[in-house]
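Each residue of the sequence shown is one higher than the one before, starting from 73 at the first, in this note's numbering. From the three backbone atoms N, C-alpha and C, an ideal C-beta is built for every residue, glycine too. Beneath this line is the structure, given in C-alpha coordinates, with notes to follow.
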Amino acid sequence: MYKDTFRVLSKRLLKHISKEDRKHYLDQISTKLYESEWWKNSEVIAMTIAREIELSTLPIIEHGWKQGKQIVVPKCKPESHEMNFYIFTNQHELENVYLDLYEPKEDPNKLVKPSDIDLMVVPGLLFDHQGYRIGYGGGYYDRYLSKYHQSKISLAMEQQVVKHVPHDEYDLPVDAVITEKKIY
(Lines of atoms letter the chains of each structure in order from A and count residues from 1; the text may use other names and numbers.)
(Lines give C-alpha, C1' and ligand atoms only; values in the text may rest on other atoms or scores of the structure.)
Protein backbone atom coordinates (compact mmCIF):
# COMPACT_ATOMS: atom_id res chain seq x y z
CA MET A 1 0.00 0.00 0.00
CA TYR A 2 2.86 2.35 0.86
CA LYS A 3 4.40 1.95 -2.63
CA ASP A 4 1.03 2.71 -4.24
CA THR A 5 1.08 6.17 -2.67
CA PHE A 6 4.51 6.79 -4.19
CA ARG A 7 3.23 5.58 -7.59
CA VAL A 8 0.26 7.96 -7.54
CA LEU A 9 2.39 10.94 -6.51
CA SER A 10 5.12 10.10 -9.04
CA LYS A 11 2.65 9.85 -11.91
CA ARG A 12 1.13 13.17 -10.88
CA LEU A 13 4.61 14.75 -10.85
CA LEU A 14 5.49 13.35 -14.29
CA LYS A 15 2.22 14.62 -15.81
CA HIS A 16 3.17 18.17 -14.80
CA ILE A 17 6.55 18.16 -16.54
CA SER A 18 6.16 19.74 -19.98
CA LYS A 19 7.09 17.92 -23.17
CA GLU A 20 9.70 20.61 -23.83
CA ASP A 21 11.31 20.07 -20.42
CA ARG A 22 11.26 16.28 -20.87
CA LYS A 23 12.99 16.66 -24.24
CA HIS A 24 15.60 19.00 -22.74
CA TYR A 25 16.28 16.54 -19.89
CA LEU A 26 16.41 13.63 -22.32
CA ASP A 27 19.07 15.37 -24.41
CA GLN A 28 21.28 15.80 -21.33
CA ILE A 29 20.62 12.31 -19.96
CA SER A 30 21.18 10.55 -23.28
CA THR A 31 24.51 12.37 -23.76
CA LYS A 32 25.66 10.99 -20.39
CA LEU A 33 24.37 7.55 -21.39
CA TYR A 34 26.21 7.50 -24.75
CA GLU A 35 29.45 8.57 -23.06
CA SER A 36 29.16 5.85 -20.40
CA GLU A 37 31.08 2.59 -20.43
CA TRP A 38 27.74 0.77 -20.03
CA TRP A 39 26.62 2.02 -23.45
CA LYS A 40 30.01 1.81 -25.16
CA ASN A 41 30.59 -1.79 -24.01
CA SER A 42 27.12 -3.06 -24.96
CA GLU A 43 26.00 -4.62 -28.22
CA VAL A 44 22.53 -5.79 -27.10
CA ILE A 45 20.52 -3.22 -25.14
CA ALA A 46 17.13 -3.79 -23.54
CA MET A 47 14.70 -0.86 -23.25
CA THR A 48 10.99 -0.30 -22.96
CA ILE A 49 8.92 1.83 -25.29
CA ALA A 50 8.19 4.74 -22.96
CA ARG A 51 4.73 5.91 -22.07
CA GLU A 52 3.79 9.51 -22.77
CA ILE A 53 4.57 10.79 -19.25
CA GLU A 54 8.05 9.19 -19.26
CA LEU A 55 11.26 10.24 -20.97
CA SER A 56 10.99 9.12 -24.58
CA THR A 57 13.11 6.10 -25.37
CA LEU A 58 12.66 6.20 -29.15
CA PRO A 59 15.49 8.72 -29.76
CA ILE A 60 17.83 6.50 -27.73
CA ILE A 61 16.68 3.39 -29.59
CA GLU A 62 17.22 5.11 -32.95
CA HIS A 63 20.69 6.28 -31.85
CA GLY A 64 21.51 2.69 -30.89
CA TRP A 65 20.40 1.43 -34.30
CA LYS A 66 22.62 4.03 -36.02
CA GLN A 67 25.56 2.74 -33.97
CA GLY A 68 24.81 -0.85 -34.97
CA LYS A 69 23.52 -1.90 -31.57
CA GLN A 70 20.77 -4.48 -31.27
CA ILE A 71 17.78 -3.18 -29.32
CA VAL A 72 15.42 -5.55 -27.55
CA VAL A 73 12.07 -4.62 -25.99
CA PRO A 74 9.88 -6.47 -23.48
CA LYS A 75 6.64 -8.33 -23.93
CA CYS A 76 4.75 -8.85 -20.66
CA LYS A 77 2.66 -11.91 -19.85
CA PRO A 78 -0.02 -10.68 -17.39
CA GLU A 79 -1.20 -14.21 -16.54
CA SER A 80 2.23 -15.18 -15.16
CA HIS A 81 3.73 -11.70 -14.46
CA GLU A 82 6.75 -12.68 -16.53
CA MET A 83 8.26 -10.94 -19.52
CA ASN A 84 10.48 -11.79 -22.43
CA PHE A 85 12.60 -9.56 -24.64
CA TYR A 86 12.41 -9.53 -28.43
CA ILE A 87 14.66 -7.98 -31.06
CA PHE A 88 13.19 -4.66 -32.17
CA THR A 89 14.03 -3.25 -35.59
CA ASN A 90 11.11 -0.91 -36.42
CA GLN A 91 7.92 0.52 -34.96
CA HIS A 92 5.70 -1.68 -37.16
CA GLU A 93 6.65 -4.59 -34.90
CA LEU A 94 4.77 -3.02 -31.97
CA GLU A 95 1.20 -3.37 -30.80
CA ASN A 96 -0.74 -1.34 -28.23
CA VAL A 97 -1.61 -3.98 -25.66
CA TYR A 98 -3.12 -2.21 -22.64
CA LEU A 99 -2.79 1.00 -20.63
CA ASP A 100 -1.17 2.71 -23.65
CA LEU A 101 1.76 0.29 -23.43
CA TYR A 102 3.48 -0.64 -26.68
CA GLU A 103 5.09 -4.06 -26.89
CA PRO A 104 6.51 -6.25 -29.64
CA LYS A 105 4.39 -8.86 -31.33
CA GLU A 106 5.56 -12.29 -30.20
CA ASP A 107 7.97 -13.86 -32.66
CA PRO A 108 9.92 -16.91 -31.43
CA ASN A 109 12.67 -16.12 -33.97
CA LYS A 110 13.31 -12.76 -32.26
CA LEU A 111 13.28 -13.99 -28.65
CA VAL A 112 16.45 -13.05 -26.72
CA LYS A 113 17.74 -14.88 -23.64
CA PRO A 114 18.68 -12.83 -20.52
CA SER A 115 22.32 -13.91 -20.88
CA ASP A 116 22.46 -12.37 -24.38
CA ILE A 117 21.53 -8.87 -23.15
CA ASP A 118 24.54 -6.69 -22.30
CA LEU A 119 22.70 -3.69 -20.84
CA MET A 120 19.24 -3.45 -19.31
CA VAL A 121 17.72 0.06 -19.11
CA VAL A 122 15.16 -0.43 -16.35
CA PRO A 123 12.14 1.89 -16.29
CA GLY A 124 10.57 3.34 -13.18
CA LEU A 125 8.61 6.18 -11.69
CA LEU A 126 10.81 7.04 -8.73
CA PHE A 127 14.40 6.15 -7.81
CA ASP A 128 16.69 6.51 -4.82
CA HIS A 129 20.43 7.05 -4.46
CA GLN A 130 21.03 3.31 -3.91
CA GLY A 131 19.37 2.33 -7.21
CA TYR A 132 16.08 1.08 -5.78
CA ARG A 133 13.01 2.06 -7.73
CA ILE A 134 9.26 2.28 -7.67
CA GLY A 135 7.87 0.87 -10.90
CA TYR A 136 4.33 0.48 -12.13
CA GLY A 137 3.59 -2.32 -9.68
CA GLY A 138 3.49 -5.46 -11.79
CA GLY A 139 6.79 -6.88 -10.53
CA TYR A 140 7.86 -7.82 -14.05
CA TYR A 141 11.33 -6.30 -13.86
CA ASP A 142 12.14 -7.62 -10.39
CA ARG A 143 11.29 -11.14 -11.56
CA TYR A 144 13.39 -10.72 -14.71
CA LEU A 145 16.32 -9.09 -12.92
CA SER A 146 16.53 -12.06 -10.54
CA LYS A 147 17.84 -14.10 -13.51
CA TYR A 148 19.71 -11.28 -15.24
CA HIS A 149 23.32 -10.69 -14.19
CA GLN A 150 24.74 -8.09 -16.59
CA SER A 151 24.64 -4.27 -16.32
CA LYS A 152 21.40 -2.58 -15.36
CA ILE A 153 20.82 1.16 -15.22
CA SER A 154 17.90 3.57 -15.18
CA LEU A 155 17.34 6.95 -16.80
CA ALA A 156 15.45 9.56 -14.81
CA MET A 157 14.86 13.24 -14.43
CA GLU A 158 16.33 14.71 -11.26
CA GLN A 159 12.76 15.26 -9.96
CA GLN A 160 12.33 11.47 -9.94
CA VAL A 161 15.22 10.87 -7.55
CA VAL A 162 14.75 10.90 -3.77
CA LYS A 163 16.94 9.85 -0.85
CA HIS A 164 15.02 6.65 -0.16
CA VAL A 165 12.17 4.63 -1.65
CA PRO A 166 10.56 1.74 0.21
CA HIS A 167 11.77 -1.68 -0.90
CA ASP A 168 11.58 -5.27 0.27
CA GLU A 169 13.78 -8.32 -0.19
CA TYR A 170 12.39 -9.01 -3.69
CA ASP A 171 13.27 -5.56 -5.01
CA LEU A 172 16.60 -5.43 -6.84
CA PRO A 173 18.50 -2.16 -7.32
CA VAL A 174 19.99 -1.02 -10.61
CA ASP A 175 23.73 -0.34 -10.85
CA ALA A 176 23.22 3.37 -11.53
CA VAL A 177 20.60 6.05 -12.19
CA ILE A 178 21.55 8.61 -14.82
CA THR A 179 19.88 12.02 -14.56
CA GLU A 180 20.46 15.30 -16.35
CA LYS A 181 22.63 16.46 -13.44
CA LYS A 182 24.58 13.42 -12.29
CA ILE A 183 24.96 9.65 -12.10
CA TYR A 184 23.89 8.08 -8.80
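For this session: Just confirm the distance between the C-beta atoms of K141 and Y158, as a whole number of angstroms; I'd bet it's less than 8 Å.
Result: Taking the first residue of the sequence shown as 1, we reach residue 141 at position 69. Taking the first residue of the sequence shown as 1, we reach residue 158 at position 86. Actually they are not in contact, since the Cβ atoms of K141 and Y158 sit about 15 Å apart, beyond 8 Å.
Exercise. In or out: V234 buried (at least 16 other Cβ within 10 Å) or exposed?
Worked result: Taking the first residue of the sequence shown as position 1, residue 234 is located at position 162. Classification for V234: exposed.
For this session: State the Cα-Cα distance for the pair P186 and K219, rounded to the nearest angstrom.
Result: Reading the sequence shown from its first residue, position 114 is the one you call residue 186. Reading the sequence shown from its first residue, position 147 is the one you call residue 219. Approximately 7 Å between the Cα atoms of the pair.
For this session: Take R215 and list the residues in its own chain whose beta-carbon comes closer than 8 Å to its own, dropping the five residues that flank it on each side.
Result: For this step, residue 215 is matched to residue 143 along the sequence shown. Same-chain partners within the cutoff: H153, E154 and M155.
Exercise. Cα separation between L166 and D172?
Worked result: Here residue 166 corresponds to residue number 94 of the sequence shown, with the count starting at 1. Here residue 172 corresponds to residue number 100 of the sequence shown, with the count starting at 1. Taking the straight line from one Cα to the other gives about 12 Å.
Exercise. Between which two residues does the alpha helix (DSSP H) carrying K104 extend?
Worked result: Locating residue 104 in the sequence shown gives position 32, where the first residue counts as 1. It spans K91 to E107 - the alpha helix (DSSP H) in which K104 sits, taken as one unbroken run.
Exercise. Considering only residues of the same chain and omitting the five flanking positions on each side of Y256, which have a CB-CB separation below 6 Å?
Worked result: In the sequence shown, the residue the question calls residue 256 occupies position 184. The answer, listed in chain order, is H201 and V249.
For this session: Counting only the same chain and skipping the five closest in sequence on each side, list residues whose C-beta sits under 7 Å from that of E252.
Result: Your numbering for residue 252 matches position 180 in the sequence shown. Y97, Q100, I101, M229 and E230, listed in sequence order.
For this session: Write down the C-beta distance between A118 and V144 rounded to the nearest angstrom, noting that I regard them as a contact closer than 8 Å.
Result: Taking the sequence shown and counting its residues from 1, one reaches residue 118 at position 46. Taking the sequence shown and counting its residues from 1, one reaches residue 144 at position 72. That pair is a contact at about 5 Å.
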